[in-house]
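Data first, discussion second: the structure below is written as C-alpha cells.
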Amino acid sequence: MDEPLIDVQHVCKTFAPAEGPVLDDISFSLFPGETLSVIGPSGCGKTTLLYILAGLKKSTSGRVAICGSDGNTNGGTNSFILQNFGLFPWKTVYENVSLGLKLRKTEKSKTRQITNALLSELDIGELSDRYPVQLSGGQKQRVAIARALATEPDVLLMDEPFSSLDALTRERLQDIMLDMWHTRRLTYIIVTHSVEEAVFLGKYILVLTDRPTRCKTLITNDTYGDKALRNKDCYFDRVRQVRKEMEIR
Amino acid sequence: MIQRFLRYATASMILFIGWKLVSFFLSADILPPPEVAFVAFAKAVTTAEFWSHFIASACRVSSAMALAWLCGFPAGILLGYNRKVDRVLSPFVFLTYPVPKIVLLPVFLVLFGLGDMPKILMIALIIGYQIVVATRDSVKGLDIKYIDSFRSIGGTPFQTIRHVVIPAAMPHGFTALRIGTGTGIAVLFFVESFATHSGLGYLIMDAWGRFAYDIMFTGIIGMSLLGVLIYELFNGLEKTMCAWKYLESGRSGAGQ
Ligand SMILES: Nc1ncnc2c1ncn2[C@@H]1O[C@H](COP(=O)(O)OP(=O)(O)OP(=O)(O)O)[C@@H](O)[C@H]1O
Ligand SMILES: [Mg+2]
Chain F
4 MDEPLIDVQH VCKTFAPAEG PVLDDISFSL FPGETLSVIG PSGCGKTTLL
54 YILAGLKKST SGRVAICGSD GNTNGGTNSF ILQNFGLFPW KTVYENVSLG
104 LKLRKTEKSK TRQITNALLS ELDIGELSDR YPVQLSGGQK QRVAIARALA
154 TEPDVLLMDE PFSSLDALTR ERLQDIMLDM WHTRRLTYII VTHSVEEAVF
204 LGKYILVLTD RPTRCKTLIT NDTYGDKALR NKDCYFDRVR QVRKEMEIR
Chain W
1031 MIQRFLRYAT ASMILFIGWK LVSFFLSADI LPPPEVAFVA FAKAVTTAEF
1081 WSHFIASACR VSSAMALAWL CGFPAGILLG YNRKVDRVLS PFVFLTYPVP
1131 KIVLLPVFLV LFGLGDMPKI LMIALIIGYQ IVVATRDSVK GLDIKYIDSF
1181 RSIGGTPFQT IRHVVIPAAM PHGFTALRIG TGTGIAVLFF VESFATHSGL
1231 GYLIMDAWGR FAYDIMFTGI IGMSLLGVLI YELFNGLEKT MCAWKYLESG
1281 RSGAGQ
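Here is the structure:
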C-alpha cells in the first residue's frame, strides 16, 4: 500500500492553443482498491482525462503512471468503458465479453470459463447469443462491465456509464458495482454528472472547475462502501456538501 | 419465406400486365406479348444450347464479381483505414473513377485477346471501382468510438482491422455488390456482343440480327433471371454473414 496505483501529476491538455488549455494542471493519486468519482461541468474535459489515463490520448505535459501488479511503474493495464457503451454491434454478447481474452490469446477453455462466470455473475447468462441491438440499456451496460472486467485490469475507467438509464436500473447497477468492489477490491475511476452517484461510488470525489479545468477540491468520502447508504443521513449530508462545492465559483 | 414468395409473385404479375399493355400498343414484332416470350423461353430452357449460353454468361459475370470483390474490398479497407495510403492513392482512384471504363474495351481486346479474359476483366474493373469507393467511404465513416473502445481492450492495428473495420464495412460491401449486379449484367451484355459466340448477350444480338424476336426475348429473360439469382445470392450471403445488421434494421423478409 505504500505505492500509489495511479499517479497523475500536473497533467495539462491543449487541443488548440487559440482556445486555451482544456485540462490545466490536474493531479491526484489512487492506491490499490481505492475508487474515485470525477464530477464537473459538461465540456470541462472529463472524457479527455479518461482518454489520457487509458493511453488513448497524450497529455500535453505532466505525468501519468499506472503501476502494474508486477511493480512495473508503467505496466498497469486498464479497461475503459466509453461514454455510450462502445459495444460492437457485429459481435454477440459472448463475443463482446470474451474479446479481450481472445486478443490476449488466452486458452479457449479458460476464456469460456471466465466469460461464463462473469455473465452469470452479472445476471446476463441467458443473453450470451444476442447481439447488442437486442438488449435494453441496462443489459448493454452489464455487458460493457463484464467485458471490461474479463481481462482483470489493474484499473477500470468508466465514462458516465449509467447516465442513459432509468433511476431504478441505475441504482441496481450501482449496487452491482459496489458488490464487485467488495468481492474484488477493484480500483476504478468513474466520471459522472450525478452527485448522488459520485457519493455512492467514490471513496474520493474529485470536483473539477470549468475550463481551463483544474481540480477544485478532492473530497474524501468516508461513507463509501455501504450498500444501505442511500437511506442514511450521512449520505445526504455528503451529497449536500459536494453540491455546495460545485456551486462555489 | 411464403410472404416473400407472394410479394415476388405479385410483382411479377404487375410487370406481366404492364408488358402486355405495352406490347399491345406497340407492334407485336418489336415487343412480343409476354406469353409468347415466356413460351419461347420455356421451350428454350429444355435445350442444351440455351444452358450453354446461360452458363457461359454466369461464369463470366460471377468470376468477374468475385475478382472485383477480392481486389476491391481489401483495397477499400486499406484506403479507408490507413491515412497515409489514402493520401497517396485516393487521388488516383477519384481521378479515374468517373472515366467510363467501358471505352477501354478495344484496348482490353488487344491486350488480353479475344477469349473470356478481357470480358471478365472489364466487368471486374467497373464493379471493382464501385466496391473500392463504397468500402473506403464506409470505413471513413466508422465511428471512432469503436476503434477507441477496441484499442482500450488491447487490440493491435491488425486486430482492429479484423474485429472492427472489416465487420463494420461488410454490409456496405454487400450493398456495393448488389448495386454492382445491375451494372455487371449491363456490362456483360455489352462485352458479349463482341468477338464471341457464346453467352446470353451474343444470343440476344444474334437473334436481333436475324429478326428472331422470340429468341431475343429468351435471351433477355435469361439475363434478367441471371441478375435476380446473383442479387438474391448476395442477399442470402449478407443475411448469414451480417446477421447483426439484419436484426438492427428490422427489415427481415422472413418474419423475424
Ligand atoms: N479532438 C478534439 N479537438 C479539439 N477539441 C476537443 C477535442 N476533444 C475534445 N475537445 C474539447 O475539449 C473539451 C472537453 O471535452 P470532453 O469530451 O473531455 O468533455 P466532458 O467533460 O467529457 O463533457 P461531457 O460531460 O459533456 O461528456 C470540450 O470543450 C471539447 O470541445
Ligand atoms: Mg464526456
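Chain order of the listed sequences is F and W.
Count the first sequence with our numbering and you get residues 4 to 252, in order.
Count the second sequence with our numbering and you get residues 1031 to 1286, in order.
Positions of the beta carbon are idealized from the N, C-alpha and C atoms, including for glycine.
Within-7 Å CB hit, residue i to chain W
i: Gly57 (chain F); result: Checking the displayed sequence, the identity of residue 57 (chain F) turns out to be Ala instead of Gly. Closer than 7 Å: yes.
i: Phe18 (chain F); result: no
i: Pro164 (chain F); result: no
i: Trp184 (chain F); result: no
i: Gly103 (chain F); result: yes
i: Leu8 (chain F); result: no
Neighbouring residues, chain W, relative to residue i (Cβ below 7 Å)
i: Tyr134 (chain F); result: Trp1274, Leu1277
i: Thr172 (chain F); result: Within chain W, no residue comes near Thr172 (chain F); the closest Cβ sits about 22 Å away, beyond 7 Å.
i: Arg107 (chain F); result: Gly1184
i: Ser139 (chain F); result: The premise fails here: Ser139 (chain F) is roughly 15 Å from chain W at the closest Cβ pair, so nothing lies under 7 Å.
Pairwise C-alpha distance: residue j and residue i
i: Gly1285 (chain W); j: Phe1264 (chain W); result: Any reading at Gly1285 (chain W) must be qualified, since the residue scores a pLDDT of 35, below 50, and its modelled position is unreliable; the value itself is stated next. Computed Cα separation, rounded: 19 Å.
i: Val198 (chain F); j: Gly205 (chain F); result: 10 Å
i: Gly1283 (chain W); j: Ala1070 (chain W); result: Note that Gly1283 (chain W) scores 40 on pLDDT, short of 50, meaning its location in the model is unreliable; the coordinates nonetheless yield the value given after this. If I take the Cα positions, the gap works out to 32 Å.
i: Gly1280 (chain W); j: Leu1259 (chain W); result: At Gly1280 (chain W), the pLDDT of 48 sits below 50, so the modelled position is not reliable; the number obtained from the coordinates is stated separately. Looking at the two C-alpha atoms, the distance is approximately 23 Å.
i: Ala1225 (chain W); j: Trp1238 (chain W); result: 16 Å
i: Glu1065 (chain W); j: His1083 (chain W); result: 22 Å
i: Val1221 (chain W); j: Ile1177 (chain W); result: 43 Å
i: Gly36 (chain F); j: Phe203 (chain F); result: 15 Å
i: Val245 (chain F); j: Ile222 (chain F); result: 8 Å
i: Ala19 (chain F); j: Ala201 (chain F); result: 30 Å
i: Leu53 (chain F); j: Gly79 (chain F); result: 15 Å
i: Met1200 (chain W); j: Arg1117 (chain W); result: 23 Å
i: Phe2 (chain F); j: Arg217 (chain F); result: Within the shown structure, residues of chain F are numbered from 4 to 252, placing residue 2 (chain F) beyond reach of any answer.
i: Val1133 (chain W); j: Val1217 (chain W); result: 11 Å
i: Thr172 (chain F); j: Ser1254 (chain W); result: 54 Å
i: Ala21 (chain F); j: Gly1171 (chain W); result: 28 Å
Heavy atom of ligand 1 within 6 Å of residue i beta-carbon
i: Thr195 (chain F); result: no
i: Ser1228 (chain W); result: no
i: Leu89 (chain F); result: As written in the sequence, residue 89 (chain F) is Gly, which differs from the Leu given in the question. Every heavy atom of ligand 1 is 6 Å or more from the Cβ of Gly89 (chain F), so no.
i: Gly46 (chain F); result: yes
i: Phe18 (chain F); result: yes
i: Val96 (chain F); result: no
i: Val25 (chain F); result: yes
Chain-ordered neighbours of residue i on chain W, where CB pairs are closer than 8 Å
i: Asn87 (chain F); result: Lys1175
i: Ser82 (chain F); result: Ser1182, Ile1183
Proximity test, residue i beta-carbon vs ligand 2 heavy atom, cut-off 6 Å
i: Thr1211 (chain W); result: no
i: Thr212 (chain F); result: no
i: Lys60 (chain F); result: no
i: Gln86 (chain F); result: yes
i: Lys49 (chain F); result: yes
Contact with chain F by residue i, beta-carbon distance below 7 Å
i: Pro1187 (chain W); result: no
i: Pro1063 (chain W); result: no
i: Asp1178 (chain W); result: yes
i: Pro1197 (chain W); result: yes
i: Ser1282 (chain W); result: Note that Ser1282 (chain W) scores a pLDDT of 45, beneath 50, so its modelled location is shaky; the value from the coordinates is reported in the next line. Ser1282 (chain W) does not count as touching chain F.
Neighbour list for residue i in chain W, Cβ cutoff strictly below 9 Å
i: Thr118 (chain F); result: Correct list: empty, because the minimum Cβ distance to chain W is about 13 Å.
i: Thr212 (chain F); result: Near Thr212 (chain F) there are no residues of chain W at all, since even the closest Cβ is about 26 Å away, more than 9 Å.
i: Thr50 (chain F); result: Residues of chain W passing the Cβ test: none, with the nearest at roughly 10 Å.
i: Thr154 (chain F); result: Ile1183, Gly1184
Residue-level contact to chain A via CB, residue i, 7 Å cutoff
i: Ser1223 (chain W); result: No chain A is part of this structure, whose protein chains are labelled F and W.
Listed by chain order, chain F residues near residue i by CB distance under 8 Å
i: Arg1181 (chain W); result: Leu59
i: His1227 (chain W); result: Within 8 Å Cβ-Cβ: nothing; His1227 (chain W) doesn't reach chain F, min ~46 Å.
Contact list for residue i against chain F, beta-carbon separation under 9 Å
i: Val1194 (chain W); result: Phe91, Trp93
Practice task
Return the residues of the segment 1103-1135 of chain W that lie within a Cβ-Cβ distance of less than 9 Å from chain F, sorted by chain order.
Solution key: none
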